[in-house]
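A.B. asks: In our numbering, the protein residues as written are 43 to 150. Sending over a structure as structure tokens; questions will come in a sec.
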């Protein structure tokens, strides 16, 4: 009997959207450290807000784009690594089960 994992891997051997999101997360974090003064181990709140963190009053004042940008921000390298590891494990499974575009809709 073929396992669920084997069936999903056969159905969709690659997971490009998961890989793209991980690369975006790492790239944005690197840009924040290099250009915005974000710390490697901890990023100050003002840097997070500048780069689009979801802050209730700002979002309610019409900065709705913060709902989408916040998911790409990380407060430090450990936060980034653990989120990328979780995304790598769960994202591949979800992308294989639902397809690339549904996975993006679930992620966003």
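Each residue gets a CB set at the ideal place from its N, CA and C atoms; glycine is no exception. Computed from a prediction, not measured in an experiment: that's the story for all the values here.
Rank 76, 68, 79 by C-alpha distance to the C-alpha of residue 129 and give the top, closest one.
C.D. replies: Taking the first residue of the chain shown as 1, we reach residue 129 at position 87. Selected option, being the one with the closest Cα: 68.
A.B. asks: Just confirm the distance between the C-beta atoms of residue 133 and residue 85, as a whole number of angstroms; I'd bet it's less than 8 Å.
C.D. replies: Translated into the one-based positions of the chain shown, residue 133 becomes position 91. Translated into the one-based positions of the chain shown, residue 85 becomes position 43. Their Cβ separation, rounded to whole angstroms, is 23 Å, which puts residue 133 and residue 85 out of contact at 8 Å.
A.B. asks: Please list, in chain order, all residues of the same chain as residue 126 whose beta carbon is under 8 Å from its beta carbon, the five residues on each side excluded.
C.D. replies: As a first step, residue 126 must be located in the chain shown, where it is residue number 84. Answer for residue 126: 64, 67, 68, listed in chain order.
A.B. asks: Between the alpha carbons of residue 51 and residue 138, how many angstroms are there, rounded?
C.D. replies: Looking up residue 51 in the chain shown gives position 9. Looking up residue 138 in the chain shown gives position 96. So the two alpha carbons sit approximately 7 Å from each other.
A.B. asks: Work out the CA separation of residue 88 and residue 105 for me, nearest whole Å.
C.D. replies: Numbered from its first residue, the chain shown carries residue 105 at position 63. Numbered from its first residue, the chain shown carries residue 88 at position 46. One C-alpha to the other measures close to 16 Å.
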